[in-house]
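Here is the structure we will look at, set down as structure tokens.
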Amino acid sequence: AALPLAAQDYHFSKQISAGGTVEISNITGNVEVTRASGRTAEVSVRKIVKRGDGNLVKAVMEAGSNGGMRVCTVYLRRADEARGCNGGSNDRDGGRRGDRLEVDMHYTVSVPAGALVEVDDVNGNVTVTGVDGDRKIETVNGNVTYDGPAAAALSTVNGTVTATFTRASWTGTLHIESVNGAVNLTF
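Residue numbers (this note's numbering): 787 to 973.
Here it is, written out as structure tokens:
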């Protein structure tokens, strides 16, 4: 028997070498990233359906950069449609006028040491703790919280960026931005 929609979860895993990239792309829901104990990246996604047909919102995994993995949220027009991360419009109504979906996809991610991390979220908070590869963490409507050695970019449009850097030196440029919110940094 099928589980209720709100109880349907997705689980993805892949062995990632140092330098491989774990990419997360979400539309609505929080993303939490921590360091894995081994070489396997793990991504768990909990789907919470508030309104509409939850079968039209899925998490999918694809091959990522440098032998890594990419996991994203996709909105479909039909439940049997196959769509990848770059497979066309991922708007919140799946291209259907007036049939709004309200589905949160909450990502819990663990990343091996030395793996690179990129998170792109639209509506949700992003928290990254203890990950040591360079990373780009972005959301539009939500807070970014970061605790680790260095980051390439931390940004939000409507929210606060709070970052604690465990190392006060890094190579390259550090980009930190909040358009409508505070930036709090600790070195």
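Every residue gets a Cβ at the ideal spot worked out from N, C-alpha and C, and that includes glycine.
Collapsed DSSP secondary structure at residue i in the structure displayed
| i | result |
| --- | --- |
| S875 | Confidence at S875 is low in this model, with a pLDDT of 48, below 50, so its placement is unreliable and no value can be given for it. |
| N841 | helix |
| N927 | strand |
| G854 | coil |
| G824 | coil |
| A849 | strand |
| V897 | strand |
| S803 | coil |
| E818 | strand |
| G934 | strand |
| E867 | coil |
| V965 | coil |
Residues that residue i bridges to, as DSSP identifies them
| i | result |
| --- | --- |
| F798 | V829 |
| T952 | Its beta-bridge partners do not exist; DSSP assigns none. |
| T957 | According to DSSP, T957 bridges with nothing at all. |
| D890 | I834 |
Segment limits, beta strand (DSSP E) that includes residue i
| i | result |
| --- | --- |
| A939 | 939–944 |
| E904 | 902–909 |
| D920 | Here D920 belongs to no beta strand (DSSP E), and DSSP marks it neither H nor E. |
| L971 | 969–972 |
| E809 | 807–811 |
| V914 | 912–915 |
Of the listed residues the options, nearest to residue i (C-alpha basis)
| i | options | result |
| --- | --- | --- |
| N812 | Y893, N970, A804, T942 | Y893 |
| T946 | Y932, G958, T959 | Y932 |
| A968 | N909, N944, R869, E867 | N944 |
| F974 | V914, N872, D906 | No answer is possible for residue 974: the residues shown for the chain start at 787 and end at 973. |
| L762 | N929, N966, R921 | Given that the chain is displayed from residue 787 to residue 973, the structure contains no residue 762 and the question cannot be resolved. |
| P898 | N911, G916, L887 | G916 |
| G805 | V817, V905, G824, G854 | G854 |
| K800 | T972, G958, V905, A849 | A849 |
| V835 | E888, T859, D866 | E888 |
| V817 | R863, R886, V908, S823 | V908 |
Quick test of the definition: if touching needs 3 or more C-beta pairs under 8 Å, does the stretch 919–937 touch the stretch 824–844?
The way I'd put it, the stretch 919–937 doesn't touch the stretch 824–844; fewer than three beta-carbon pairs between them come closer than 8 Å.
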